[in-house]
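What follows is a single structure, written as structure tokens, with notes after it.
Numbering (my numbering), first residue to last: 2 to 712.
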């Protein structure tokens, strides 16, 4: 039997070898075919937005979606509507857009005469790409399904399936689809780019036509002046310029001329608006340092600190210890206040250690600290560094041999000798914009406060982190918003819906003033204690513990906070807070207690984090908050959430669950050097009291996740 299997193996091997050598040419032919297919897949006609800020033509959608991470803002004058829109390409196959429809010359029945003006409505749209050109089937069309105005009042609700095929060689694109709702029946679209391959400046000019399937005449909630349709075909042109702006003009319903202006930018892939020429070179040679006499420990530690400073890092401590095998080792503590990417940080550390003369040490341990927490470490053996320096080992091999590890203080280090010690900075001052935005106020469709926020933070006694934020509102509109929903006054104790009252009284505010102590409890356990004014509305005491191992996709934390509600001005506290009984204003005693079990799960291939919080919220409502955080290479982050609790809140005759979005934008996108500072913005669908949480200082998970980020 063994001989039989051996003969079969020899026969198969001989056939394979013979075939391999006889068909070398065919392999190259296949590779050439693959190259041609990839070329066809990557070639694409310019992307165009329709009047609802979705991939499409004028009123109709197409099956195309833009690149992930792309933001777009659109203004459309589509008589009798004005449409303000925003679009975000969340994933490669998921396109989201939101619209603010204004009904021109139709006064809002309740607030119109109070300053709100014309009637308006908000809409949310989503499109799912089922088949894309880049999937590899270049001969097949792209296919998508979508929902327009699928949430809320649904005045313009539609559902559709759409198919789009590009003919790149002919500079031509065709679309056909079928819808239900406001889009009723078959629709189609055509676009032609006559100068795509002829003119550098006119290549993005296109002529478009579409079969408009919107049922203007019979749609119940259409604008009274928007029901007539003389001709169902809209024609016009679209022009994109500067790789940012897009302008279109077209006929509409055979009666009107419509136009739109769109600005789009891929913030997810952005390297910033300016080159980072103030960053030190990635591979420094440290020619400015004197290596002639490093036997003295004082000179050695001073030059080592300068070498790290040249890389944009702060060396806080250097100590020598002898391990259990009597090997002399060097331990370094480093603070990174500049680079967001863990791989870049490690590269900078490697650069110093591989070029700096460190032959006296068997191994080196580089530890990273952030916000007072010893987070993780890298261990470098002298033989690896020397092999890399002598070019016997590549960067890939060195990186593989020096993987990131959980922080662990070795017993041998209890007898270490400190060579260099530097205290943390007692203060750091930064200034950034501050914006409060409100949609749907009684006296206007959109109101905002705008000003500046000064952030002062640092360390007391080299251990205790503090944060003080002072803000000044230069453009104030909160007083025009009102803290009571006239249609739907909250029947729950007002822990958040009175937020605007904090900005009605004055322009200067103490936003935060707290201290926080963070701990590494060993074995991937972390903890924090925070005390003070956590936000403009709440102050108190907060505790948190977190389990978050290195290279783990899973983490969990337990947190609790006892908070007091601040008065609308000053630093004192309210003993009783407002609550409505129908329309009657009442007050009841309040001491806030919130506690949560937080579960985190990273889906690294998708750059996603799922967060689940289970516990008690500020209004003593118990429930669960589900949150999705999406990360992008540029450092931009987008979060969406929804909360389900046992308290019942009614908005427009429906039970309301708190939901909204937030984003963090790295400030170095607008700078000529790297920075870890960010601009934060957060907005709920409605300013209500269910599912409300007080801030409690800096969240442990985000501190650690930001430092370990390797996008």
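Using N, Cα and C, we set each Cβ at its ideal position, and we do this for glycine too.
Residues in the same chain with beta-carbon distance under 7 Å from residue 1, minus the five sequence neighbours each way, listed in chain order, please.
Past the boundaries of the shown model lies residue 1; the chain is included only from 2 to 712, so the question cannot be answered.
Ends of the beta strand (DSSP E) at residue 83?
One-based indexing of the chain shown puts residue 83 at position 82. 82 to 90 is the span of the beta strand (DSSP E), which, as asked, contains residue 83.
Would you mind sorting residue 705 into buried or exposed? The rule is 16 or more other CB atoms within 10 Å of its CB.
Locating residue 705 in the chain shown gives position 704, counting from the first residue. Residue 705 comes out buried.
With contact counted as at least three CB pairs below 8 Å, one residue from each stretch, are the stretch 573 to 587 and the stretch 644 to 658 in contact?
No, the stretch 573 to 587 is not in contact with the stretch 644 to 658.
So what's residue 339 in DSSP terms, helix, strand or just coil?
Numbered from 1 along the chain shown, position 338 holds the residue referred to as residue 339. Coil at residue 339, not helix or strand.
Pick out whichever of 493, 599 and 557 has its Cα sitting closest to the Cα of residue 620.
As a working note, residue 620 is residue 619 in the chain shown. Residue 620 has its Cα closest to that of 493, out of 493, 599 and 557.
Could you tell me the boundaries of the alpha helix (DSSP H) in which residue 388 lies?
Looking up residue 388 in the chain shown gives position 387. Counting along the chain, the alpha helix (DSSP H) containing residue 388 begins and ends at 383 to 390.
Rounded to whole angstroms, what is the Cα-Cα separation between residue 397 and residue 386?
Here residue 397 refers to the residue found at position 396 of the chain shown. Here residue 386 refers to the residue found at position 385 of the chain shown. When rounded, the distance between both Cα atoms is 13 Å.
Would the beta-carbon of residue 531 fall within 7 Å of that of residue 515?
Numbered from its first residue, the chain shown carries residue 531 at position 530. Numbered from its first residue, the chain shown carries residue 515 at position 514. It is a contact, given that the beta carbons lie within the stated cut-off.
Can you tell me the Cα-Cα spacing of residue 576 and residue 303, whole angstroms?
Locating residue 576 in the chain shown gives position 575, where the first residue counts as 1. Locating residue 303 in the chain shown gives position 302, where the first residue counts as 1. Those two C-alpha atoms are separated by around 55 Å.
With burial defined as no fewer than 16 other Cβ atoms inside 10 Å of the residue's Cβ, what is the status of residue 404: buried or exposed?
The count along the chain shown starts at 1 and reaches residue 404 at position 403. Its Cβ having fewer than 16 others within 10 Å, residue 404 is exposed.
In the DSSP assignment, find the unbroken alpha helix (DSSP H) run with residue 725 in it and report its ends.
Shown here, the chain extends from 2 to 712; a query on residue 725 therefore has no answer.
In whole angstroms, what separates the C-alpha of residue 371 from that of residue 458?
The residue labelled residue 371 in the question sits at position 370 within the chain shown. The residue labelled residue 458 in the question sits at position 457 within the chain shown. Rounded to whole angstroms, residue 371 to residue 458 spans 13 Å at the Cα level.
On a Cα-Cα basis, can you pick out the residue from 144, 177 and 436 that is closest to residue 475?
For the purposes of this step, residue 475 is taken as residue 474 along the chain shown, with counting starting at 1. Of the listed residues, the one whose Cα sits closest to residue 475 is 436.
Hey, quick one: how far does the beta strand (DSSP E) through residue 679 stretch, first residue to last?
Locating residue 679 in the chain shown gives position 678, where the first residue counts as 1. Start and end: 679 to 685.
Would you kindly report the start and end of the unbroken alpha helix (DSSP H) that includes residue 400?
Indexing the chain shown from 1 puts residue 400 at position 399. From DSSP, the alpha helix (DSSP H) with residue 400 extends over 396 to 402.
Given a threshold of 16 other Cβ atoms within 10 Å of its Cβ, counted over all protein chains shown, does residue 167 qualify as buried or as exposed?
As a position in the chain shown, residue 167 is number 166, starting the count at 1. By the 10 Å Cβ count, residue 167 comes out buried.
CA-CA distance, residue 709 and residue 635?
In the chain shown, residue 709 corresponds to position 708, counting from 1. In the chain shown, residue 635 corresponds to position 634, counting from 1. The straight-line gap from Cα to Cα measures roughly 15 Å.
Between which two residues does the alpha helix (DSSP H) harbouring residue 709 extend?
Position 708 of the chain shown, counted from the first residue, corresponds to residue 709. Unbroken alpha helix (DSSP H) run through residue 709: 701 to 709.
Between residue 234 and residue 212, is the Cβ-Cβ spacing less than 7 Å?
Here residue 234 refers to the residue found at position 233 when the chain shown is read from its first residue. Here residue 212 refers to the residue found at position 211 when the chain shown is read from its first residue. In contact: residue 234 and residue 212 (Cβ atoms closer than 7 Å).
I need the boundaries of the beta strand (DSSP E) containing residue 667, first residue and last residue.
To locate residue 667, count along the chain shown from 1; it is residue 666. Counting along the chain, the beta strand (DSSP E) containing residue 667 begins and ends at 660 to 667.
Less than 7 Å between C-beta atoms, sequence neighbours within five positions excluded: which residues of the same chain meet that for residue 407?
Your numbering for residue 407 matches position 406 in the chain shown. So the qualifying residues of the chain are 377, 525, 550 and 551.
Just mark residue 684 as buried or exposed, buried being the case when its beta carbon has 16 or more other beta carbons within 10 Å.
For the purposes of this step, residue 684 is identified with residue 683 of the chain shown, where counting begins at 1. Answer is exposed; the Cβ neighbour count stays below 16.
Mapping DSSP to helix, strand and coil, what is residue 414?
Position 413 of the chain shown, counted from the first residue, corresponds to residue 414. Three-state DSSP puts residue 414 in a helix.
Excluding five sequence neighbours on each side, which residues of the same chain lie with their C-beta closer than 6 Å to the C-beta of residue 87?
The count along the chain shown starts at 1 and reaches residue 87 at position 86. Same-chain partners within the cutoff: 74 and 99.
Please report the residue range of the beta strand (DSSP E) in which residue 614 lies.
Counted from its first residue, the chain shown places residue 614 at position 613. Residue 614 -> beta strand (DSSP E) spans 609 to 617.
State the start and end residues of the unbroken beta strand (DSSP E) segment that holds residue 365.
For the purposes of this step, residue 365 is taken as residue 364 along the chain shown, with counting starting at 1. Residue 365 -> beta strand (DSSP E) spans 364 to 371.
In or out: residue 659 buried (at least 16 other Cβ within 10 Å) or exposed?
One-based indexing of the chain shown puts residue 659 at position 658. Result: buried.
Would you say the stretch 303 to 316 touches the stretch 329 to 348, given that touching needs at least three Cβ pairs under 8 Å?
Result yes; three or more Cβ-Cβ pairs closer than 8 Å.
Between residue 187 and residue 180, what straight-line distance do the alpha-carbon atoms span, to the nearest angstrom?
Mapped onto the chain shown, residue 187 falls at position 186. Mapped onto the chain shown, residue 180 falls at position 179. Cα-Cα distance, rounded: 7 Å.
Please classify residue 713 as buried or exposed, where buried requires at least 16 neighbouring CB atoms within 10 angstroms.
In the structure as shown, the chain starts at 2 and stops at 712, and residue 713 therefore has no counterpart that could be examined.
Measure how close the beta-carbons of residue 207 and residue 49 come, nearest whole angstrom, since I'm counting them as under 8 Å.
Reading the chain shown from its first residue, position 206 is the one you call residue 207. Reading the chain shown from its first residue, position 48 is the one you call residue 49. 7 Å between Cβ atoms; contact.
Mind checking which residues open and close the beta strand (DSSP E) that includes residue 95?
Within the chain shown, numbered from 1, the residue matching residue 95 stands at position 94. Looking at the DSSP string, the run of the beta strand (DSSP E) that includes residue 95 is 95 to 108.
Just checking, does the stretch 99 to 113 make contact with the stretch 121 to 130 on the three C-beta pairs under 8 Å criterion?
With a cut-off of 8 Å, the stretch 121 to 130 and the stretch 99 to 113 count as touching, because enough Cβ pairs lie within range.
Could you tell me the boundaries of the beta strand (DSSP E) in which residue 600 lies?
As a working mapping, residue 600 is identified with position 599 in the chain shown. Per DSSP, residue 600 belongs to the beta strand (DSSP E) from 593 to 604.
What do you get for residue 622, buried or exposed, if any count of 16 or more other CB atoms within 10 angstroms of its CB means buried?
Against the chain shown, residue 622 aligns to sequence position 621. Buried: at least 16 other Cβ atoms inside 10 Å.
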